[in-house]
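Q: Got a structure for you, questions after.
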Amino acid sequence: MTSQRAVSDSIDAIATAGRSIEEKTLSLAKIKSGPDDLSIRADKIAIQQKQDSLAVARQNLADCSVRAPFAGIVVKVNAQKGDTVSSGAVLATLVTKQKVAEISLNEVDVAKVKAGQKTTLLFDAVDDLTISGKVAEVDTLGTVSQGVVNYSVKIVFDTQDDRIKPGMSVSAAIITEMKPDVLLAPNVAVKSNSEQYVVVLENNVPRNQTVEVGLSNDTMTEIISGLNEGDKVVTQTITATTKTKTTTTKSTGGIRIPGLGGGAPR
9 MTSQRAVSDS IDAIATAGRS IEEKTLSLAK IKSGPDDLSI RADKIAIQQK
59 QDSLAVARQN LADCSVRAPF AGIVVKVNAQ KGDTVSSGAV LATLVTKQKV
109 AEISLNEVDV AKVKAGQKTT LLFDAVDDLT ISGKVAEVDT LGTVSQGVVN
159 YSVKIVFDTQ DDRIKPGMSV SAAIITEMKP DVLLAPNVAV KSNSEQYVVV
209 LENNVPRNQT VEVGLSNDTM TEIISGLNEG DKVVTQTITA TTKTKTTTTK
259 STGGIRIPGL GGGAPR
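For the sequence shown, the positions run 9 to 274 when my numbering is used.
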């Protein structure tokens, strides 16, 4: 009986060893073959979900910070820790020695304006005074007056002038786009029919010249193609006396496209 039991135990041990060898062989084959496409796809999805969660957490953290548009001293706080505030609510009052002009722009113009853009300020009460500045803040919520939506834009001055007083009227030219080294023609010279064209003089004979235009401001238009520097362009004609007024197209260092607004410094 003892010998039979020993034989039985040996057979069981051999079977167990066989199963172990089979399992290790399968594991080795799986390792050699590498992960399958399904596993790789599942791992990539898991990684992307973690990255998305991280991005949301970072944005939520950034949304918890309130940044002032300019340097100054906080003299009044309207909200406390834990308060719920709505968009556009005034959280604090900031006092600065730096002068700030607040202007109003309609919804068409304000779409082109963003913080950091350079501006030029003119004052009705102070002749020959021009102050440079930059956009510090653009309101996200507009106000409706007589069916027109307007947005407040705050501009900080680059330099100070004692002649500027709080409440003075100010006009601002905001440079929303600039191109260097462009060919310019006066706005009055650019005409439109089925296509845009200018009238040029060749041997004192006028002819229409099709042009492709780009940016423009209050006085000049960028000519992308159709004219060369030095071409004579007709800007005015007087039929009764058969006289023409011409100008010469020229290249300039840059064209600045302003947006206009009015307000007051404070």
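Cβ coordinates follow ideal geometry from the N, Cα and C atoms, glycine included. These numbers were taken from a predicted model, which means no experiment stands behind them.
#1: Within 10 angstroms of its Cβ, does T127 collect 16 or more other Cβ (buried), or is it exposed?
#2: Thinking just about the alpha-carbon of each residue, which of A79, G80, G96 is nearest to the one in N86?
#3: Any idea if A109 is buried or exposed, counting beta-carbon neighbours within 10 angstroms, 16 or more meaning buried?
#4: Rounded to whole angstroms, what is the Cα-Cα separation between T250 and N216?
#5: Going by the DSSP bridge assignment, what does L130 pair with across the sheet?
#6: Does T167 come out as helix, strand or coil in the three-state DSSP assignment?
#7: If you draw a straight line from the C-alpha of S73 to the C-alpha of V98, how long is it?
#8: Mind checking which residues open and close the beta strand (DSSP E) that includes E237?
#9: In its own chain, which residues sit with a C-beta less than 7 Å from the C-beta of G124, not counting the 5 before and 5 after it?
#10: Quick one: what's got a C-beta closer than 7 Å to R146's C-beta in the same chain, skipping five residues either side?
#11: May I have the straight-line CA-CA distance separating N172 from Q106, to the nearest angstrom?
#12: Give the DSSP-derived three-state secondary structure of S28 in the structure shown.
#13: Excluding the 5 residues preceding and the 5 following V103 in the sequence, name in chain order all residues of the same chain whose CB lies nearer than 6 Å to its CB.
#14: Which two residues bound the contiguous alpha helix (DSSP H) that contains N68?
#15: Could you tell me if A193 is buried or exposed, where buried requires 16 or more neighbouring beta carbons within 10 angstroms of its beta carbon?
#16: Buried or exposed, going by whether 16 or more other CB atoms sit within 10 Å of the CB of L36?
#17: May I have the straight-line CA-CA distance separating I232 from V196, to the nearest angstrom?
#18: Identify which residue in D45, Q67, L130, D239 has its Cα closest to the Cα of V208.
#19: Classify A180: buried if its beta carbon has 16 or more other beta carbons within 10 angstroms, exposed otherwise.
#20: Just verifying my parser: in three-state terms, what is the DSSP assignment at S16?
#21: Output yes or no for whether 8 Å exceeds the beta carbon distance between D170 and I139.
#22: Relative to the C-alpha of E237, which residue among L191, T218, A21 is closest?
#23: Assign I163 to buried or exposed, taking buried as 16 or more other Cβ atoms, counted over all protein chains shown, within 10 Å of its Cβ.
#24: If you check the beta carbons only, do S177 and D136 fall under 8 Å apart?
#25: Between the C-alpha atoms of D226 and A65, what's the straight-line distance to the nearest angstrom?
A: The relevant details are as follows:
#1: Stepping through the sequence shown from its first residue, residue 127 is reached at position 119. Buried: at least 16 other Cβ atoms inside 10 Å.
#2: In the sequence shown, the residue the question calls residue 86 occupies position 78. N86 has its Cα closest to that of G96, out of A79, G80, G96.
#3: Mapped onto the sequence shown, residue 109 falls at position 101. By the 10 Å Cβ count, A109 comes out buried.
#4: Along the sequence shown, one-based indexing puts residue 250 at 242. Along the sequence shown, one-based indexing puts residue 216 at 208. Reliability of the predicted coordinates at T250 is poor, the pLDDT of 46 falling under 50, and no value is obtained from them.
#5: Translated into positions along the sequence shown, residue 130 becomes position 122. Bridge partners of L130: T138, S179.
#6: As a first step, residue 167 must be located in the sequence shown, where it is residue number 159. In the structure shown, T167 sits in coil (DSSP, three-state: anything other than H, G, I, E or B).
#7: Against the sequence shown, residue 73 aligns to sequence position 65. Against the sequence shown, residue 98 aligns to sequence position 90. Rounded to the nearest angstrom, the two C-alpha atoms are 14 Å apart.
#8: Along the sequence shown, one-based indexing puts residue 237 at 229. Taken as a continuous stretch (DSSP letters only), E237 belongs to no beta strand (DSSP E), as it is neither H nor E.
#9: Counted from its first residue, the sequence shown places residue 124 at position 116. Counting only Cβ-Cβ distances below 7 Å, and skipping sequence neighbours, we find K142, V143.
#10: Here residue 146 refers to the residue found at position 138 when the sequence shown is read from its first residue. Looking at the sequence provided, one finds Val at residue 146 rather than Arg. Cβ within range, chain order: V118, V121, K122, A123, Y159, V161.
#11: Position 164 of the sequence shown, counted from the first residue, corresponds to residue 172. Position 98 of the sequence shown, counted from the first residue, corresponds to residue 106. In the sequence on display, residue 172 carries Ile and not Asn. The straight-line gap from Cα to Cα measures roughly 12 Å.
#12: Along the sequence shown, one-based indexing puts residue 28 at 20. Helix, per DSSP.
#13: Your numbering for residue 103 matches position 95 in the sequence shown. Answer for V103: G80, I81, V83, listed in chain order.
#14: As a first step, residue 68 is located in the sequence shown; it is residue number 60 there, counting from the start. Taken as a continuous stretch (DSSP letters only), the alpha helix (DSSP H) holding N68 covers 45-71.
#15: To locate residue 193, count along the sequence shown from 1; it is residue 185. So A193 ends up on the buried side.
#16: To locate residue 36, count along the sequence shown from 1; it is residue 28. So L36 counts as exposed.
#17: On the sequence shown, position 224 is the one that residue 232 refers to. On the sequence shown, position 188 is the one that residue 196 refers to. Distance between the alpha carbons of I232 and V196 is about 17 Å.
#18: Position 200 of the sequence shown, counting from 1, holds the residue named residue 208. Checking every option, the nearest Cα to that of V208 belongs to D239.
#19: Sequence index remark: in the sequence shown, residue 180 carries index 172 (1-based). With 16 or more Cβ atoms within 10 Å of its Cβ, A180 is classed as buried.
#20: By one-based count along the sequence shown, residue 16 stands at place 8. Note: S16 maps to helix in three-state DSSP.
#21: Counted from its first residue, the sequence shown places residue 170 at position 162. Counted from its first residue, the sequence shown places residue 139 at position 131. Their beta carbons are not under 8 Å apart, which means D170 does not touch I139 by this criterion.
#22: Within the sequence shown, numbered from 1, the residue matching residue 237 stands at position 229. Per the Cα distances, L191.
#23: Translated into positions along the sequence shown, residue 163 becomes position 155. Looking at its Cβ environment, which holds 16 or more other Cβ atoms inside 10 Å, I163 is buried.
#24: Along the sequence shown, read from residue 1 onward, the residue named residue 177 stands at position 169. Along the sequence shown, read from residue 1 onward, the residue named residue 136 stands at position 128. The answer is no: Cβ separation not under 8 Å.
#25: Against the sequence shown, residue 226 aligns to sequence position 218. Against the sequence shown, residue 65 aligns to sequence position 57. Taking the straight line from one Cα to the other gives about 46 Å.
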